[in-house]
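Take a look at the structure set out below.
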Amino acid sequence: MPDDDPDFGRRRVVIEHLAPAIDGGRFPIKRVIGEPVVVELDAYADGHDAIACVLRYRKDGNAIWSEMPMKPAGNDRWRGTFTVDEIGTYRYTAQGWVDAFRTWRHDLEKRVLAGQDLGVPLQVGARLVRAAAGRAKGADAALLARSAELLEKGTDDAARQAAALDRELAALMDRYPDRSLATAWDRELGVVVDRERARFSAWYEFFPRSCTDDPRRHGRLRDCEARLRYAAEMGFDIVYLPPVHPVGETFRKGKNNREQAEAGDVGSPWAIGAAAGGHRAVHPELGTLDDFKWFVGRAKDLGLEVALDIAYQCSPDHPYVKEHPEWFLKRPDGSIQYAENPPKKYQDIYPIHFESEAWPALWEELTGVVLFWMDQGVRIFRVDNPHTKPFAFWESLIARAKARDPEVIFLSEAFTRPKVMYRLAKLGFTQSYTYFTWRNTKWDLTQYFTELTRTEVAEFFRPSLWPNTPDILNEYLQVGGRPAFMVRLALAATLGASYGIYGPAFELMENRPREPGSEEYLDSEKYQIRVWPVDRPDSLRDYIARVNRVRRENRALQADRRLRFHFIDNDMLIAYSKATADLDNVILVVVNLDPHHMQSGWVHLPLADLGLDAHQPYQAHDLLSGARYLWTGERNFVQLDPHSTPAHIFRLRKRVRSERDFDYYM
1 MPDDDPDFGR RRVVIEHLAP AIDGGRFPIK RVIGEPVVVE LDAYADGHDA
51 IACVLRYRKD GNAIWSEMPM KPAGNDRWRG TFTVDEIGTY RYTAQGWVDA
101 FRTWRHDLEK RVLAGQDLGV PLQVGARLVR AAAGRAKGAD AALLARSAEL
151 LEKGTDDAAR QAAALDRELA ALMDRYPDRS LATAWDRELG VVVDRERARF
201 SAWYEFFPRS CTDDPRRHGR LRDCEARLRY AAEMGFDIVY LPPVHPVGET
251 FRKGKNNREQ AEAGDVGSPW AIGAAAGGHR AVHPELGTLD DFKWFVGRAK
301 DLGLEVALDI AYQCSPDHPY VKEHPEWFLK RPDGSIQYAE NPPKKYQDIY
351 PIHFESEAWP ALWEELTGVV LFWMDQGVRI FRVDNPHTKP FAFWESLIAR
401 AKARDPEVIF LSEAFTRPKV MYRLAKLGFT QSYTYFTWRN TKWDLTQYFT
451 ELTRTEVAEF FRPSLWPNTP DILNEYLQVG GRPAFMVRLA LAATLGASYG
501 IYGPAFELME NRPREPGSEE YLDSEKYQIR VWPVDRPDSL RDYIARVNRV
551 RRENRALQAD RRLRFHFIDN DMLIAYSKAT ADLDNVILVV VNLDPHHMQS
601 GWVHLPLADL GLDAHQPYQA HDLLSGARYL WTGERNFVQL DPHSTPAHIF
651 RLRKRVRSER DFDYYM
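Okay, so the sequence shown: first residue is 1 according to UniProt numbering, each after it adds one.
Here you go:
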């Protein structure tokens, strides 16, 4: 029994199983501006009395709680909804209480039907209404007082009965309930609200040093204006750069990750730090800090945001190595431990030792790195291998960055165990890499994306789908030719509201592995400058632009929660839909997962769930090709040739009869 609650024994309502509550409320859920938060809970009391529940919510910094009535959802489950309309953090909780007036009114209805005497019951009701008048103000208080007077002293029994059961009186009583013995949910749960780009974004990664027409000449940031226009023309809204910092000389890797670099080899951008500086410096061959700020500004002029890679690791030449040797792990011989993944050795990289006794100063410096680049205009960060650094460090860093500017976005690049990926998302990462890169079969895709969109995971994990990265050229792309790249692009861009590609390698269909069985690129851009012929006639740039335009023009593709898979009688074909809540925009995607052969099948659609009439024809408008098909019923035939049409992105339009007596589709 709580010592500070003298009414503990009188509170009869029990509240249980409130959801969403990530890890019991330890972590917040995620939303973007304008999205609803649907809360459910179990609430009940002993006996048969009616109860009432409210959902309470407020934005941090606002001391006043707003409330929404919760409605019964069956079997003592209750549901309520509120909408978040500002960036920042909201809190929500709930209260429930025994509703004496609803109980009394329900019993009175049964007494009336049974023809019982209403004298005493009406006196009881009058007492309840008079108490509510004492809680009300103004005109409401006066109206309640008159109702109480009528119930208690009225001489016309029919009028008293009508007043007791009046719906307006019931609504007024709902506004002024007796909550003196309300039970409150014992926690305040959090909602982190981000800007829309946190939910819907298209990323384009490129290496600025390859913005050159000569592999012997290092590209500079100011050489990248044409590449920025190129990305914007394809419909991307984020350009993501690998680390732009000075690259170490000691143990620099050569082309194709050779241990010995040759003269002129540029090394890996992830071997950060040299005499020119560390994580707060720009590689001299890329330009200056002013050049970087010019790059950010020019991108903004083109409707792009710049995402910067954050990789907390150092080359042996990084200033940290001399200035803060305590931040690195020493081997028994006194040398610093370099990165290893036995049997592989990465002598050009020194991992930071987060178990250092000097960890407070280390955390402060590394947090300062992010804040420094925010001062240069960056609001989006892709974080390299966050799963190899402490969870508590990221939770602290992201909280401080969001305190500086709540619009900042962090993408977690963590291909690791599911629970680790999910923990990173829970503690604050805005978006997360996924296993999409290796999910190629219908079963794999269906199972995985059902988990990501139809379970509690959807409350905190925003997937970002990448068909390729500078580190990953999977087998499907290696052997599938042009259709494979088109298939994976269509899947990434429609299964996920956020996706990205590493280009120009992707649109130029780079598919040569370093050796058989490897997912590393031959002549990887991680270790050398590449000259990319972006105007090559067979480039996928136009296809990518069409897909991105479809995404921008259809709200259904700008969120993930309403993703639904549909039966199609061919395992090489996958079908799924996305729709807006009002069913005003319904998208059906059908993809041929076989990059080599034509495939066909019958797709089955739950028409009522898609807002379509099973007895009327409807139009399937292919937004990629412009073709329009008139379909009827739940089963319809599709056939996809991967060499010409590997995917359909249909907008389903229902039949409408006009005032002029002709049909059209909308």
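Backbone N, C-alpha and C fix where the C-beta goes; we use that ideal spot for every residue, glycine too.
| Item | Value |
| --- | --- |
| Cβ contact check for the stretch 89 to 98 and the stretch 175 to 189: 3 or more pairs under 8 Å | yes |
| DSSP state of residue 53 mapped onto helix, strand, coil | strand |
| Contacting residues, own chain, Cβ-Cβ under 6 Å from residue 197 (five flanking each side not counted) | none |
| Residues near residue 621 in its chain [Cβ-Cβ closer than 7 Å; skip 5 each side] | 628, 650, 651 and 653 |
| Length at least 4, wholly inside the stretch 191 to 270: the alpha helix (DSSP H) runs in chain order | 225 to 233 |
| Where residue 443 falls, given that 16 or more other Cβ within 10 Å makes a residue buried | exposed |
| Alpha-carbon spacing of residue 314 relative to residue 365, whole angstroms | 14 Å |
| Residue 295 burial status per 10 Å Cβ neighbour count (16 or more: buried) | buried |
| Residue 92 to residue 373 span [Cα, whole Å] | 33 Å |
| Given 8 Å, three or more beta-carbon pairs between the stretch 541 to 553 and the stretch 426 to 442 | no |
| Sequence-distant residues of its chain with Cβ nearer than 7 Å to residue 158 (five each side left out) | none |
| Beta-ladder partner(s) of residue 19, from DSSP | 40 |
| Length of the line joining the Cα atoms of residue 470 and residue 526 | 7 Å |
| The stretch 236 to 253 contacting the stretch 200 to 208, beta-carbon criterion three pairs below 8 Å | yes |
| Assumed close pair residue 382, residue 307 - CB separation to whole angstroms, cut-off 8 Å | 5 Å |
| Among 539, 233 and 194, the one whose alpha carbon lies nearest that of residue 29 | 194 |
| Proximal residues to residue 370 (C-beta, below 6 Å), its chain only, five neighbours per side dropped | 401 |
| Start and end residues, alpha helix (DSSP H) containing residue 143 | 138 to 153 |
| Environment of residue 594 [buried if 16+ CB atoms lie within 10 Å] | buried |
| Counterpart residues of residue 469 in DSSP-defined beta bridges | 472 |
| Beta-carbon spacing of residue 727, residue 42 below 8 Å | There is no way to answer for residue 727, as the model of the chain reaches only from 1 to 666. |
| Same chain, Cβ closer than 6 Å to residue 570, five either side skipped, listed in chain order | 599 and 601 |
| Collapsed DSSP secondary structure at residue 396 in the structure displayed | helix |
| Closest residue to residue 539 among 503, 515, 289 and 568 (Cα-Cα distance) | 503 |
| Cβ neighbours of residue 661 in the same chain (closer than 6 Å, five flanking residues each side left out) | Low confidence applies to residue 661: its pLDDT is 49, below 50, so where it sits in the model is not reliable enough to give any reading. |
| Helix, strand or coil at residue 25 according to DSSP, with G and I counted as helix | helix |
| Buried or exposed by the 16-neighbour rule on C-beta atoms within 10 Å, applied to residue 64 | exposed |
| Sequence-distant residues of the same chain with beta carbon closer than 7 Å to residue 702, five excluded per side | The structure shown has nothing for residue 702, since the chain only spans 1 to 666. |
| Euclidean distance between Cα positions of residue 379 and residue 405 | 8 Å |
| Residue 381 (DSSP reduced to helix, strand or coil) | strand |
| CB of residue 214 within 8 Å of CB of residue 531, strictly | yes |
| Residue 75 classed as buried or exposed, judged by whether at least 16 other C-beta atoms fall within 10 angstroms | exposed |
| Which residues DSSP lists as bridging residue 647, in chain order | 591 |
| Beta-carbon separation (whole angstroms), residue 12 vs residue 46, contact threshold 8 Å | 6 Å |
| Residue closest to residue 88, alpha-carbon to alpha-carbon, out of 608, 223 and 58 | 58 |
| Per-residue burial, residue 335 [other beta carbons within 10 Å of its own, 16 or more giving buried] | exposed |
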